[in-house]
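Numbering (our numbering), first residue to last: 83 to 524. Glycine included, C-beta positions come from ideal geometry on N, C-alpha and C. Here the structure is laid out as structure tokens; the discussion comes afterwards.
Now the structure itself:
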């Protein structure tokens, strides 16, 4: 192996670029391959009518320590994220429901916020306190793991609290219905957000598209340091060669010491089919089920009366609506998110568009004229985060091949943070294998 290890990264999403930056800081020579012309993987920009919109609306949390560290490393300014204290607001209910974290240190931020919550009765508030107290007592361990719906029933959560708080939070975080979602992973999310420091529960809403938030700045950062990012370069397979690995699709036919596979999980099998040792891992990955995310982008001819940049919808198909004009987007652009599988899959896109317009009007009042609409469906947006799910690790049975992605074993569900964490772990593991260490400089 050369003194400066050559590392290939397949996939230009958040996991791939986190691995690339980590490796570059440790002295490795990095070449990243992305099959698309657009960086970002499943968190990327899409062009529509001269608008740059995301393939899905993502929310970051203040608890996303590794993601925020990566953004700082590649020079992203803090101002690209709109920081808001946790606010779950349902303006369409009578009376409106609002749960806002108080501007106080933890745990008072949640306790006072719960006491001041509007639209929740004392029974709801006591039930919420009961669940959080139970989780803290058990150190946020749910053993044995079971569906979130079962945990809510065991702790006597009210129907209203489950419908307006727990179920929306679970589906947004795990992208899995509460009837089948892992209570342990949901407890991990609550542990590191609601039950952590006050800033950990802050909502961080990107003002730029998801490609510009991290992958594009990371690509520039790597290029300025002599590393290579190749777009529109699909890799078909990985093959062993004397002294390392070659990639079918690499026009330079480079010999790489290590390869990080940072693709979606369903692309792994084709890449490693020439390695018998990987058969068991491929089978494990193949057993992962997937859940969709639908994002409806609605461009209106004028502003809308949003009380918050993010509001909850209840009783229809839509779950969360975002006023993108507050987040650096054009006036009148709204994103509506529908996570996980559900009744919306049984109707046409035209019918869904009409239903969402009616839901917005019921909450916000009369709407301006609609200029255009775009519904984007990611059919396999994330893995289904079910109880006791076995997820593969970064290390593989083939010594020079590594995995990175939001599906890799983690405390978290499939989020940007878990993708970034996996990339950092893969990068640091390779550096350690090569006797190198990540340097803490930009």
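The beta strand (DSSP E) with residue 248 in it runs from where to where? Here residue 248 refers to the residue found at position 166 when the chain shown is read from its first residue. For residue 248, there is no enclosing beta strand (DSSP E), as DSSP marks it with neither H nor E.
Going along the chain, which unbroken runs of the beta strand (DSSP E) with 3 or more residues stay wholly within the region 293-329? Taking only runs of at least 3 residues, the beta strand (DSSP E) segments lying wholly in the region 293-329 are 310-312 and 319-323.
So for residue 453, helix, strand or coil by DSSP? Position 371 of the chain shown, counting from 1, holds the residue named residue 453. Three-state result, residue 453: strand.
Under a three-way DSSP split, which group does residue 172 fall into? Position 90 of the chain shown, counting from 1, holds the residue named residue 172. Note: residue 172 maps to strand in three-state DSSP.
Where do the N-terminal and C-terminal ends of the alpha helix (DSSP H) with residue 525 fall, by residue? Outside the displayed span of the chain (83 to 524) sits residue 525, for which this structure offers no information.
Using the beta-carbon count (16 or more within 10 Å), is residue 497 buried or exposed? By one-based count along the chain shown, residue 497 stands at place 415. Looking at its Cβ environment, which holds 16 or more other Cβ atoms inside 10 Å, residue 497 is buried.
Closest residue to residue 262 among 470, 162, 475 and 476 (Cα-Cα distance): Against the chain shown, residue 262 aligns to sequence position 180. If we check each option's Cα against that of residue 262, 470 comes out closest.
Cutting at 6 Å between CB atoms, please list the residues of its own chain near residue 271, excluding the five before and the five after it. Taking the first residue of the chain shown as 1, we reach residue 271 at position 189. Spatial neighbours of residue 271 in its own chain (CB-CB distance under 6 Å, excluding positions within 5 residues in sequence) are listed in chain order as 255.
Comparing C-alpha positions only, which one of 402, 199 and 457 sits nearest to residue 429? Mapped onto the chain shown, residue 429 falls at position 347. When only C-alpha atoms are compared, the closest one is 457.
Hey, residue 377 and residue 284 are a contact pair by Cβ (cut 8 Å); roughly how many whole angstroms apart? Here residue 377 is taken as the residue at index 295 of the chain shown, counted from 1. Here residue 284 is taken as the residue at index 202 of the chain shown, counted from 1. Contact between residue 377 and residue 284 does not hold, since their C-beta atoms are separated by about 22 Å, which reaches or exceeds 8 Å.
Under the rule that 16 or more other beta-carbon atoms within 10 Å means buried, what is residue 210, buried or exposed? Counting from 1 along the chain shown, the entry for residue 210 is found at position 128. Buried is the call here.
What distance in whole Å lies between the Cβ atoms of residue 87 and residue 107, which are believed to be in contact at a cut-off of 8 Å? Walking along the chain shown from the start, residue 107 turns up at place 25. Walking along the chain shown from the start, residue 87 turns up at place 5. Between residue 87 and residue 107 the Cβ distance is about 13 Å, and since that is not below 8 Å, they are no contact.
Alpha carbon to alpha carbon, what distance is there between residue 238 and residue 205? Counting from 1 along the chain shown, the entry for residue 205 is found at position 123. Counting from 1 along the chain shown, the entry for residue 238 is found at position 156. C-alpha separation (whole angstroms): 10 Å.
Quick one: grab the DSSP three-state call for residue 379. The residue you call residue 379 lines up with position 297 of the chain shown. Residue state, collapsed to three classes: strand.
What are the start and end residues of each continuous beta strand (DSSP E) run of 3 or more residues lying completely inside the region 334-378, in chain order? Runs of the beta strand (DSSP E) lying entirely within the region 334-378 and spanning at least 3 residues, in chain order: 340-343.
How about residue 340 and residue 280: do their beta carbons lie closer than 8 Å? In the chain shown, the residue the question calls residue 340 occupies position 258. In the chain shown, the residue the question calls residue 280 occupies position 198. Going by C-beta atoms, residue 340 is not nearer than 8 Å to residue 280.
Beta carbon of residue 288 nearer than 8 Å to that of residue 155: For this step, residue 288 is matched to residue 206 along the chain shown. For this step, residue 155 is matched to residue 73 along the chain shown. At least 8 Å separates the beta-carbon of residue 288 from that of residue 155.
Using a 10 Å radius around the Cβ and a threshold of 16 neighbouring Cβ atoms, would you call residue 308 buried or exposed? The residue you call residue 308 lines up with position 226 of the chain shown. It is exposed - the Cβ of residue 308 has fewer than 16 other Cβ atoms within 10 Å.
Closest by C-alpha distance to residue 462, when choosing among 93, 117, 499 and 124: Walking along the chain shown from the start, residue 462 turns up at place 380. Among 93, 117, 499 and 124, the Cα nearest to that of residue 462 belongs to 124.
Whose CA, out of 467, 295, 362 and 513, lies closest to the CA of residue 161? As a first step, residue 161 must be located in the chain shown, where it is residue number 79. The shortest C-alpha separation from residue 161 is found at 295.
In DSSP terms, what residue 115 is bridged to: Indexing the chain shown from 1 puts residue 115 at position 33. In DSSP, residue 115 forms a bridge with 92 and 312.
Can you name the start and end residues of the alpha helix (DSSP H) that residue 421 belongs to? For this step, residue 421 is matched to residue 339 along the chain shown. Taken as a continuous stretch (DSSP letters only), residue 421 belongs to no alpha helix (DSSP H), being part of the beta strand (DSSP E) at 415-421.
I'd like the span of the beta strand (DSSP E) that includes residue 166, first residue to last. As a first step, residue 166 must be located in the chain shown, where it is residue number 84. Under the DSSP assignment, residue 166 falls in the beta strand (DSSP E) whose first and last residues are 163-166.
Cross-strand partners of residue 498 (DSSP beta bridge): To locate residue 498, count along the chain shown from 1; it is residue 416. BP columns for residue 498 are empty, so no partner.
Residue 472 (DSSP reduced to helix, strand or coil): Reading the chain shown from its first residue, position 390 is the one you call residue 472. If DSSP states are grouped into helix, strand and coil, residue 472 belongs with coil.
Assumed close pair residue 333, residue 383 - CB separation to whole angstroms, cut-off 8 Å: Within the chain shown, the letter at position 251 stands for residue 333. Within the chain shown, the letter at position 301 stands for residue 383. The C-beta distance from residue 333 to residue 383 rounds to 47 Å, too long to meet the 8 Å contact threshold.
Whether residue 181 touches residue 195 by CB criterion (8 Å): The count along the chain shown starts at 1 and reaches residue 181 at position 99. The count along the chain shown starts at 1 and reaches residue 195 at position 113. Yes, these two residues count as a Cβ contact at 8 Å.
With a Cβ-Cβ cutoff of 8 Å, do residue 253 and residue 421 count as a contact? Position 171 of the chain shown holds residue 253. Position 339 of the chain shown holds residue 421. Yes, Cβ-Cβ distance for residue 253 and residue 421 is below 8 Å.
With DSSP collapsed to three states, give me the class of residue 155. Within the chain shown, residue 155 is the residue found at index 73, counting from 1. DSSP, reduced to helix, strand and coil, places residue 155 within a helical segment of the structure shown.
Quick one: Cα of residue 387 to Cα of residue 447, how far? Position 305 of the chain shown, counting from 1, holds the residue named residue 387. Position 365 of the chain shown, counting from 1, holds the residue named residue 447. About 8 Å.
Between residue 331 and residue 317, which are expected to be in contact by the criterion C-beta below 8 Å, what is the C-beta distance as a whole number of angstroms? For this step, residue 331 is matched to residue 249 along the chain shown. For this step, residue 317 is matched to residue 235 along the chain shown. Residue 331 to residue 317, Cβ: 4 Å. Contact.
Cβ neighbours of residue 186 in the same chain (closer than 7 Å, five flanking residues each side left out): Here residue 186 refers to the residue found at position 104 when the chain shown is read from its first residue. Annotation for residue 186: 194 and 280 place their beta carbon closer than 7 Å to its own, counting only its chain and skipping 5 residues before and after.
Pair within 8 Å by beta-carbon distance, residue 454 and residue 417: For this step, residue 454 is matched to residue 372 along the chain shown. For this step, residue 417 is matched to residue 335 along the chain shown. Remark: C-beta atoms of residue 454 and residue 417 do not approach each other more closely than 8 Å.
Should residue 508 go down as buried or exposed, given a rule of 16 or more other Cβ atoms within 10 Å for buried? Here the question's residue 508 lines up with position 426 in the chain shown. Residue 508 counts as buried, since at least 16 other C-beta atoms from the protein chains shown sit within 10 angstroms of its C-beta.
Am I right that residue 139 and residue 419 are in contact with their C-beta atoms under 8 Å? What's the rounded C-beta distance? Here the question's residue 139 lines up with position 57 in the chain shown. Here the question's residue 419 lines up with position 337 in the chain shown. Contact flag correct, Cβ pair sits at about 5 Å.
Are residue 286 and residue 505 close, meaning C-beta to C-beta below 8 Å? Residue 286 sits at position 204 when you count from the first residue of the chain shown. Residue 505 sits at position 423 when you count from the first residue of the chain shown. The beta carbons of residue 286 and residue 505 sit no closer together than 8 Å.
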